[in-house]
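Visitor: When the letters of the sequence shown are read in order and numbered with the UniProt record's numbering, they come out as residues 1 to 373.
Even glycine gets a Cβ: it sits at the ideal position worked out from N, Cα and C.
It should be emphasised that the depicted structure is a prediction, and the values quoted were computed from it without experimental measurement.
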Amino acid sequence: MSAELFRRLVDNSDEVSEVEHDAARSIKQGKWTDLHQAAYSSNGGLVKTLLQHGAPIDTRDEYGWTPLHHAAFNGYLALVKLLVHRGAPIDAADQHGWTALHRATWNGHTQVAEFLLRRGALTTACTRCGMTPLHCAAACGHTLTMQQILTYGASTDVSDARCWTPLHWAVVSGQPHIIEFLLSKGASVNCMTCGNMTPLHLAVEVGNGEVIQLLLENGAWINAEDDMGRTALSIAAANGHQEIVTDLLAREAADSNRDSALQAAARIGHIRLLELLSERGTSVDIRDSLNMTALHRAAERGDTAIAEFLLEHGADIEARGRLKKTPLHLAMEKGHERFIHLLLSKGANVFATSQWAETPLDVASAQAFQKIP
Numbered sequence: 001m002s003a004e005l006f007r008r009l010v011d012n013s014d015e016v017s018e019v020e021h022d023a024a025r026s027i028k029q030g031k032w033t034d035l036h037q038a039a040y041s042s043n044g045g046l047v048k049t050l051l052q053h054g055a056p057i058d059t060r061d062e063y064g065w066t067p068l069h070h071a072a073f074n075g076y077l078a079l080v081k082l083l084v085h086r087g088a089p090i091d092a093a094d095q096h097g098w099t100a101l102h103r104a105t106w107n108g109h110t111q112v113a114e115f116l117l118r119r120g121a122l123t124t125a126c127t128r129c130g131m132t133p134l135h136c137a138a139a140c141g142h143t144l145t146m147q148q149i150l151t152y153g154a155s156t157d158v159s160d161a162r163c164w165t166p167l168h169w170a171v172v173s174g175q176p177h178i179i180e181f182l183l184s185k186g187a188s189v190n191c192m193t194c195g196n197m198t199p200l201h202l203a204v205e206v207g208n209g210e211v212i213q214l215l216l217e218n219g220a221w222i223n224a225e226d227d228m229g230r231t232a233l234s235i236a237a238a239n240g241h242q243e244i245v246t247d248l249l250a251r252e253a254a255d256s257n258r259d260s261a262l263q264a265a266a267r268i269g270h271i272r273l274l275e276l277l278s279e280r281g282t283s284v285d286i287r288d289s290l291n292m293t294a295l296h297r298a299a300e301r302g303d304t305a306i307a308e309f310l311l312e313h314g315a316d317i318e319a320r321g322r323l324k325k326t327p328l329h330l331a332m333e334k335g336h337e338r339f340i341h342l343l344l345s346k347g348a349n350v351f352a353t354s355q356w357a358e359t360p361l362d363v364a365s366a367q368a369f370q371k372i373p
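Right, here's the structure in full:
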């Protein structure tokens with residue numbers, strides 16, 4: 001999965017990327033104290049000397065990192081123990097809300113995580129976007145660290161600010177072994193985000209066939225709808241995942257009543273998917289939630305290739321959509337001249353009236369077209 005897709009899916013990755021770069025920025029900009037530098041370099045002797053001379057153990061850099069954050073982030077167990085034994089606040093949070101335990105689990109430092117947990121670090125501590133240490137471990141594929149956190153009472157279905165559970169994070173980051181682990185520990189396979197997206201929806205959007213198979217084998221609802229009415233099938237089509245669409249159709253997956261797979265395929269200009277869906281019996285005149293057909297949508301974009309396919313497969317050239325407008329009305333409004341030529345060559349009616357008694361010719365006049373073929 002690309003980094004761009006991962007960021008688009010999680011939608012709170014700004015925090016994640018900022019967290020990963022804060023330390024580097026602090027060094028470059030010279031924002032660290034001597035104690036921060038000593039902790040980052042795992043110089044236990046210097047840390048002891050600085051503390052003996054009064055350096056505040058909870059001193060923070062520009063991004064809220066304490067020396068303990070740096071030690072935990074880098075997996076320096078001896079230094080973590082030293083700082084905690086000297087009184088470092090174990091659950092201190094940086095400007096993003098990340099504690100030392102978050103940092104240790106993100107990087108899979110199991111010994112550091114175990115020590116912090118034994119010393120009472122909160123498994124329920126939340127970052128600014130609601131991520132717990134368990135979310136961090138799941139996103140990064142650290143099974144042993146997850147086991148440690150669960151042993152100390154964390155819930156497998158804990159939700160972040162967007163209602164993402166560790167299972168959602170494991171799915172979008174492509175971690176089958178973490179998915180299997182979470183499901184074996186009782187995680188809900190059909191848990192929903194704030195947008196009612198299940199792990200299966202996310203797996204389909206990412207296009208991970210192995211994860212999709214795993215989720216379906218463990219009882220994922222194949223026909224669940226998110227809050228936009230999208231099903232796994234329509235999401236797969238919208239992302240151009242032809243093999244996944246084929247597999248879902250073989251499993252008799254239901255289409256969306258609001259944003260059908262065929263509409264989605266037409267929207268992204270995927271001719272092969274259109275062929276596949278029409279061969280399976282999907283009507284080329286299927287309507288979306290605004291009563292628009294795929295031909296209407298193609299007219300709005302001026303997509304002549306999609307229009308030609310739809311018309312060749314029997315699309316209604318005079319279909320009435322929102323405000324009773326035909327595809328020709330919409331093409332005229334947008335000024336797509338090639339599309340207009342195509343529709344007229346196929347016999348589109350220039351006198352068809354919309355809800356406001358407006359014809360395509362009226363639209364052309366209003367748009368100051370100089371000639372109509």
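Of the choices Leu68, Leu167, Leu183, Ser184, whose alpha-carbon is the least far from that of alanine 203?
Guide: Numbered from 1 along the sequence shown, position 203 holds the residue referred to as residue 203. Selected option, being the one with the closest Cα: Leu167.
Visitor: In whole angstroms, give me the CA-to-CA distance for leucine 216 and serine 173.
Guide: To locate residue 216, count along the sequence shown from 1; it is residue 216. To locate residue 173, count along the sequence shown from 1; it is residue 173. If you take the alpha carbons of leucine 216 and serine 173, they lie about 18 Å apart.
Visitor: List, from N- to C-terminal side, the alpha helix (DSSP H) runs of 4 residues or more that fit wholly inside the UniProt repeat "ANK" (96-128).
Guide: Runs of the alpha helix (DSSP H) inside the UniProt repeat "ANK" (96-128): 100-106, 110-118.
Visitor: For valine 158, collect the residues of the same chain with a Cβ closer than 8 Å to its Cβ; drop the 5 residues on either side in sequence, then sort them by chain order.
Guide: Sequence index remark: in the sequence shown, residue 158 carries index 158 (1-based). Closer than 8 Å at Cβ, skipping near neighbours: Thr124, Thr132, Leu134, His135, Thr165, Pro166.
Visitor: Roughly how many whole angstroms lie between the Cα atoms of aspartate 226 and threonine 198?
Guide: Position 226 of the sequence shown holds residue 226. Position 198 of the sequence shown holds residue 198. The alpha-carbon atoms of aspartate 226 and threonine 198 are separated by roughly 8 Å.
Visitor: Please identify the residue among Gly45, Ile57, Ser283, Gln52 whose C-alpha is closest to the C-alpha of threonine 33.
Guide: As a working note, residue 33 is residue 33 in the sequence shown. Residue Ile57 is the option with its Cα nearest to threonine 33.
Visitor: Going by the beta-carbon positions, is the gap between histidine 313 and serine 278 smaller than 7 Å?
Guide: Counting from one through the sequence shown, the residue named residue 313 turns up at place 313. Counting from one through the sequence shown, the residue named residue 278 turns up at place 278. It is a contact, given that the beta carbons lie within the stated cut-off.
Visitor: Nearest to phenylalanine 181 by CA position, among Thr143, Val171, Val189, is which residue?
Guide: Position 181 of the sequence shown, counting from 1, holds the residue named residue 181. The option with the nearest alpha carbon to phenylalanine 181 is Thr143.
Visitor: When DSSP labels each residue in this structure, what does aspartate 34 get in the three-state scheme?
Guide: As a working mapping, residue 34 is identified with position 34 in the sequence shown. Aspartate 34: helix per DSSP, three-state reduction.
Visitor: Using the rule of at least 16 other Cβ atoms within 10 Å of the residue's Cβ for burial, across every protein chain shown, is leucine 323 buried or exposed?
Guide: Here residue 323 refers to the residue found at position 323 when the sequence shown is read from its first residue. Classification of leucine 323: exposed, given that the 10 Å Cβ count is below 16.
Visitor: When you compare only the Cα positions, how much space is there between glutamine 355 and arginine 320?
Guide: The count along the sequence shown starts at 1 and reaches residue 355 at position 355. The count along the sequence shown starts at 1 and reaches residue 320 at position 320. Distance between the alpha carbons of glutamine 355 and arginine 320 is about 10 Å.
Visitor: What residue from Gln242, Arg258, Gln367 has the CA that sits closest to alanine 331's CA?
Guide: In the sequence shown, the residue the question calls residue 331 occupies position 331. Nearest of Gln242, Arg258, Gln367 to alanine 331, Cα basis: Gln367.
Visitor: Taking DSSP as the reference, what is the three-state secondary structure of lysine 48?
Guide: Counted from its first residue, the sequence shown places residue 48 at position 48. Lysine 48: helix per DSSP, three-state reduction.
Visitor: So what's isoleucine 222 in DSSP terms, helix, strand or just coil?
Guide: The residue you call residue 222 lines up with position 222 of the sequence shown. Note: isoleucine 222 maps to coil in three-state DSSP.
Visitor: With a threshold of 6 Å on Cβ separation, who are the neighbours of alanine 237 within its own chain once the five nearest residues in sequence on each side are excluded?
Guide: For the purposes of this step, residue 237 is taken as residue 237 along the sequence shown, with counting starting at 1. So the qualifying residues of the chain are Val245, Ala261, Ala264, Ala265, Leu273.
Visitor: Would you kindly report the start and end of the unbroken alpha helix (DSSP H) that includes proline 56?
Guide: The residue labelled residue 56 in the question sits at position 56 within the sequence shown. Looking at the DSSP string, proline 56 is not in any alpha helix (DSSP H), and its letter there is neither H nor E.
Visitor: Rounding to the nearest angstrom, what Cα-Cα distance links alanine 299 and proline 327 in this structure?
Guide: One-based indexing of the sequence shown puts residue 299 at position 299. One-based indexing of the sequence shown puts residue 327 at position 327. Answer to the nearest angstrom: the Cα atoms are 6 Å apart.
Visitor: Select from Asp259, Asn208, Ala294 the residue whose C-alpha is nearest the C-alpha of cysteine 229.
Guide: Taking the first residue of the sequence shown as position 1, residue 229 is located at position 229. It is glycine, not cysteine, that sits at residue 229 in the sequence shown. It is Asp259.
Visitor: Nearest CA to the CA of histidine 341: which residue from Ala307, Asp247, Leu249?
Guide: Taking the first residue of the sequence shown as 1, we reach residue 341 at position 341. Histidine 341 has its Cα closest to that of Ala307, out of Ala307, Asp247, Leu249.
Visitor: Using the Cα positions of threonine 99 and lysine 185, report the straight-line distance between them to the nearest angstrom.
Guide: Counting from one through the sequence shown, the residue named residue 99 turns up at place 99. Counting from one through the sequence shown, the residue named residue 185 turns up at place 185. Going by the C-alpha atoms only, they are around 25 Å apart.
Visitor: If distances are taken between C-alpha atoms only, which option among Ala154, Leu122, Gly108 comes closest to alanine 145?
Guide: Your numbering for residue 145 matches position 145 in the sequence shown. Note that residue 145 corresponds to threonine in the displayed sequence, not to alanine. Minimum Cα distance to threonine 145 is reached at Gly108.
Visitor: I'd like to know whether the C-beta atoms of arginine 267 and arginine 297 end up nearer to each other than 7 Å.
Guide: Looking up residue 267 in the sequence shown gives position 267. Looking up residue 297 in the sequence shown gives position 297. A contact, by the Cβ cut-off of 7 Å.
Visitor: Under 8 Å by Cβ, that's how I've got alanine 88 and threonine 59 pegged, so tell me the actual separation to the nearest angstrom.
Guide: By one-based count along the sequence shown, residue 88 stands at place 88. By one-based count along the sequence shown, residue 59 stands at place 59. Not confirmed; about 10 Å, so no contact.
Visitor: If I measure Cβ to Cβ from lysine 334 and keep anything under 7 Å in the same chain, skipping five residues before and after, which residues do I get?
Guide: In the sequence shown, counting from the first residue as 1, residue 334 sits at position 334. Closer than 7 Å at the Cβ level, and outside the excluded window around lysine 334, lie Glu300, Gly302.
Visitor: Taking the beta carbon of alanine 210 as the centre, do at least 16 other beta carbons fall within 10 Å, making it buried, or is it exposed?
Guide: Position 210 of the sequence shown, counting from 1, holds the residue named residue 210. Before going further, note that residue 210 is glutamate rather than alanine in the sequence given. Glutamate 210 should be labelled exposed.
Visitor: Less than 7 Å between the C-beta atoms of glycine 120 and alanine 161, yes or no?
Guide: Numbered from its first residue, the sequence shown carries residue 120 at position 120. Numbered from its first residue, the sequence shown carries residue 161 at position 161. Cβ distance not < 7 Å, so glycine 120 and alanine 161 don't count as in contact.
Visitor: So, helix, strand or coil for alanine 154, using DSSP?
Guide: Within the sequence shown, residue 154 is the residue found at index 154, counting from 1. Three-state DSSP puts alanine 154 in coil, outside helix and strand.
Visitor: What first and last residue would you give for the alpha helix (DSSP H) that runs through residue 422?
Guide: Any property of residue 422 remains undetermined from this structure, which presents the chain solely from 1 to 373.
Visitor: Which class does arginine 280 belong to by DSSP, given the choice of helix, strand or coil?
Guide: Residue 280 sits at position 280 when you count from the first residue of the sequence shown. It is coil, neither helix nor strand.
Visitor: Compute the distance between the beta-carbons of leucine 290 and alanine 315, then report whether it is under 7 Å.
Guide: Walking along the sequence shown from the start, residue 290 turns up at place 290. Walking along the sequence shown from the start, residue 315 turns up at place 315. Going by C-beta atoms, leucine 290 is not nearer than 7 Å to alanine 315.
Visitor: Figure out for me which residue from Leu200, Ala187, Cys163, Ala170 has the closest Cα to the Cα of cysteine 194.
Guide: By one-based count along the sequence shown, residue 194 stands at place 194. Looking at the Cα atoms, Cys163 is the closest of the given residues.
Visitor: Does the distance from the C-beta atom of isoleucine 317 to that of alanine 352 stay below 7 Å?
Guide: By one-based count along the sequence shown, residue 317 stands at place 317. By one-based count along the sequence shown, residue 352 stands at place 352. No; because the gap between Cβ atoms is not below 7 Å, this pair is not in contact.
Visitor: Contact defined as beta carbons within less than 8 Å: I believe glutamate 205 pairs with isoleucine 235. What is the distance between those atoms, to the nearest angstrom?
Guide: Within the sequence shown, numbered from 1, the residue matching residue 205 stands at position 205. Within the sequence shown, numbered from 1, the residue matching residue 235 stands at position 235. Indeed they touch by this definition, with Cβ atoms about 5 Å apart.
Visitor: Please report the distance separating the alpha-carbon of serine 283 from that of glycine 153.
Guide: Reading the sequence shown from its first residue, position 283 is the one you call residue 283. Reading the sequence shown from its first residue, position 153 is the one you call residue 153. Roughly 52 Å between the two C-alpha positions.
Visitor: So, at 6 Å on beta carbons, what are the nonlocal neighbours of histidine 241 in its own chain, with the 5 sequence-adjacent residues on each side left out?
Guide: Position 241 of the sequence shown holds residue 241. Only Gly207 meet the Cβ criterion.
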